[in-house]
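My numbering puts the first residue of the sequence shown at 2, with every later residue one more than the last.
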Amino acid sequence: MSDNDDIDPGIAALLEQSEASMEQDSFSDGEDTIAVEEDNSHMGFELTNQRYAKDDDDGKGDQSPLPVDLSKTQFKPVEKYFEDTPNGVFDDTTYYKTCLSGEGESAQRLHMLLSKYLKTEDKKDRAVYRQNIVASWWNFLRSIAPKMANPKTPMPKRMAMRFGVVLPSLFTAEQKDFFSRSIFQNITGEPIMYADEWIKEVASGRLTLSVTDEVGPSKKRGPGADQTRLAQLISKNSGKIASADNLVSAKEHERERLENQIRDRLNDIFSHSPFIGLEPHVHPYDDTQRKAFAEIANLMRTVQKVDRDCAGYIKELLEAREIRESLDEKAQGMPEQSANVGLEDILQEMTTIRQMAKMTCGRQGNQFPVLTREFNHCNDKETGFRENVLRELAWIESIDPGCFCRIHRNVPNRIVPYVLLVPTYGDNGFCWEPFDRYNRITSRGRIVIPMYPRNLKIACLTAVADLRWQVAKEKASFDWMSEGLTGQYYQYIDNKKLKGDLKSFFIEDYILWMTKEANGTQKLEKEVRAIFWRFLPFPQERKDELKKRSMVYQELYQRDINRSMSDGY
């Protein structure tokens, strides 16, 4: 919508239709709290000591929305991107009124600013209203956030939180069609969540609050503090259980492989060909069979070592499970109320999500929060729907197989992070947390991806690149400037005397690595290419293909062979 265009007749009709009802919802002094509580009760959502109970079907073990499954090696292909028929929510003539009703002063102010913004033609006035809408919108979302935990919350309020849709008439016909056919439930089995789902999981206690740098006021010790500490211990112990179980499985597979090799060599030794002319005698051991004796001896020593390691990991697993049983018993003895999440925590998470939304846009980006055809030009395949983001993450993992892996005891654990889809016009995805500070082994990190970027693939790449950098930096700890991926990249930037943000340089190079170098187009500096080839390796099949295209890749391929033959690889 240009500045000189008249307001859309459909929008004008909706605004005028809602004007009277919105004015009737005005609050007099001292009556705000009563009116809000009455409306919330009408919507099927009641405040009980400002706390929100968990779902009845929650278990006492891992409380995460989707527990980590270390047996998974890749994403499942997306079979369905959209529903066959529209859900009709955006065709509801009372959508706008339902969305804003019962939210008090925040909804009234949003309605007033949105009406003025859509009706005015003066560029300066539109800029002022547009800026004011940003703050008003987030106040409105804070009002509806606690209601996301209630299944009876009207769909328009959920769509406002999920997609930023407050007025369906701001859609184009094409946008309205594919938004109305978006899949509402998470059928992918992956931890990719919209904002309303994210808040619901936080409110239910299954998802912890996102970590911030701000230090909150110290809380007095009591049942709530004990419950928090117990949850941290359970989370940490769950990581030990998952890691030990994974190590036991790995050692069992290795032992089985060695046993098969021993069995094959024994079968070779037991096989004797007949001695022609001296029947029924057979040939003695030949050179290959005699060599197999030494090989069997070496294999026996190796399989004994693997079995000892396996026994040690089984012991660790049993101890961790005993600890879990003890923690579960303590959890059952805790007061039930202490496991709930307070209204203050939900609002704190909304403040964090607002900060995340700002970061996706950047300082100079478009932070207008309402979905409108004026700013959103994404088609159905480029919009950040859950299924589209999963498609891009699967593509990234196909080129960078280690992007979601964390090494523990030389065993890679594939752990897909939580992905929060925020309805912004930003272009930058990023990593908020590389992993839970209480469980560094198997906990999920958190990355944020904007839903309406100019290029969804690049937005996903920036998020994964940031995750890669932060995980490598945390792994190297105090030696991050001298060891591993971050150390070698830092030394390269330092030698080049480049000025700027180190991580930004890395993210830009990572995008080139994934989009250009992976296809054989040389865009990176020689030193950076060597660092990425070693620490962010392509799949072996792609390496085999690249070495045929250029001497540059052939040289790097030969370095891999040399390192694999040495002890320092």
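Don't be surprised by glycine CBs; every beta carbon is placed ideally from N, CA and C. Please read these numbers as outputs of a predicted model, since none were measured by experiment.
Between which residues of its own chain and residue i is the CB-CB distance below 6 Å, once the five residues before and five after are set aside?
i: arginine 455; result: Asp428
i: isoleucine 315; result: Val249
i: lysine 117; result: Tyr130
i: tyrosine 96; result: Pro157, Pro169
For the beta strand (DSSP E) holding residue i, just list the boundary residues, first then last.
i: arginine 415; result: 412-415
i: methionine 194; result: 193-195
i: serine 409; result: Position check: residue 409 holds histidine in this sequence, whereas serine was assumed. Residues 406-409.
i: leucine 422; result: 419-423
Quick one: what's got a C-beta closer than 8 Å to residue i's C-beta in the same chain, skipping five residues either side?
i: isoleucine 562; result: none
i: phenylalanine 91; result: Met160, Val166, Pro169, Phe172, Lys177, Phe180, Ser181
i: arginine 325; result: Gly62, Ile235, Asn238, Ser239, Ile242
i: valine 304; result: Arg256, Leu259, Glu260, Ile263
i: glutamate 480; result: Reading off the sequence, residue 480 comes out as aspartate, not glutamate. Cβ within range, chain order: Gly488.
Alpha carbon to alpha carbon, what distance is there between residue j and residue i?
i: phenylalanine 271; j: arginine 309; result: 29 Å
i: leucine 115; j: proline 538; result: 50 Å
i: valine 79; j: proline 285; result: 59 Å
i: lysine 185; j: valine 167; result: As written in the sequence, residue 185 is phenylalanine, which differs from the lysine given in the question. Approximately 17 Å, taken between the alpha carbons.
i: glutamate 383; j: lysine 359; result: 21 Å
i: glutamine 541; j: glutamate 398; result: 13 Å
i: serine 72; j: phenylalanine 405; result: 13 Å
i: lysine 527; j: leucine 513; result: 13 Å
i: lysine 81; j: arginine 445; result: 26 Å
i: lysine 549; j: leucine 462; result: 27 Å
i: isoleucine 408; j: proline 155; result: 44 Å
i: alanine 293; j: phenylalanine 276; result: 21 Å
i: leucine 372; j: phenylalanine 164; result: 7 Å
i: tyrosine 426; j: isoleucine 448; result: 17 Å
i: histidine 112; j: arginine 322; result: 55 Å
i: arginine 564; j: phenylalanine 533; result: 15 Å
i: threonine 353; j: threonine 213; result: 8 Å
i: leucine 571; j: aspartate 123; result: A question about residue 571 goes unanswered here, because the residues of the chain that appear run from 2 up to 570.
i: proline 194; j: glutamate 296; result: Reading the sequence as shown, one finds methionine at residue 194 and not proline. Taking the straight line joining both Cα atoms gives about 53 Å.
i: glutamate 198; j: leucine 421; result: 9 Å
i: threonine 189; j: arginine 364; result: 34 Å
i: methionine 552; j: proline 435; result: 36 Å
i: threonine 516; j: lysine 524; result: 10 Å
i: methionine 566; j: leucine 300; result: 19 Å
i: glutamate 345; j: glutamine 75; result: 38 Å
i: glutamate 84; j: glutamate 388; result: 12 Å
Indicate the three-state DSSP secondary structure (helix, strand or coil) for residue i in the structure shown.
i: histidine 273; result: coil
i: proline 454; result: coil
i: aspartate 246; result: helix
i: glycine 313; result: helix
i: cysteine 432; result: strand
i: phenylalanine 83; result: strand
i: asparagine 367; result: coil
i: serine 211; result: coil
i: aspartate 1; result: What is shown of the chain runs 2 to 570, which leaves residue 1 out entirely.
i: valine 472; result: helix
i: isoleucine 459; result: helix
i: valine 167; result: coil
i: isoleucine 442; result: coil
i: arginine 374; result: coil
State the CB to CB distance for the pair residue i and residue j, rounded to an integer number of angstroms; the pair is presumed to be in contact (CB under 8 Å).
i: alanine 204; j: methionine 149; result: 7 Å
i: serine 183; j: phenylalanine 386; result: 6 Å
i: aspartate 143; j: leucine 348; result: Inspection of the sequence shows that residue 143 is occupied by arginine rather than by aspartate. Contact flag correct, Cβ pair sits at about 6 Å.
i: arginine 530; j: glutamate 546; result: Going by Cβ atoms, the distance from arginine 530 to glutamate 546 rounds to 16 Å, so no, they are not a contact pair.
i: isoleucine 416; j: valine 69; result: 6 Å
Following the continuous alpha helix (DSSP H) through residue i, name the residue where it begins and the one where it ends.
i: tyrosine 511; result: 503-516
i: tyrosine 558; result: 552-565
i: valine 135; result: 124-145
i: tryptophan 481; result: Tryptophan 481 -> no alpha helix (DSSP H), and no H or E assigned at all.
i: valine 360; result: Before going on, a small fix: residue 360 reads as methionine here, not valine. Start and end: 344-362.
i: threonine 99; result: 96-101
i: isoleucine 184; result: Where isoleucine 184 is concerned, there is no enclosing alpha helix (DSSP H), given that its DSSP letter is neither H nor E.
i: glutamate 542; result: 541-547
i: proline 66; result: No alpha helix (DSSP H) holds proline 66; DSSP gives it neither H nor E.
i: histidine 112; result: 105-120
Within a Cβ cutoff of 7 Å, which residues of the same chain sit near residue i, ignoring the five residues on either side of it in sequence?
i: phenylalanine 507; result: Ala466, Trp470, Tyr490
i: lysine 158; result: Cys100, Ile145, Lys148
i: proline 66; result: Pro192, Glu202, Arg207, Leu208
i: glutamate 253; result: Cys311
i: glutamine 290; result: Asp269, Ile270
i: tyrosine 558; result: Lys544, Lys548
i: leucine 328; result: Leu231, Leu234, Ile235, Asn238
i: alanine 245; result: Tyr314, Glu317, Leu318, Ala321
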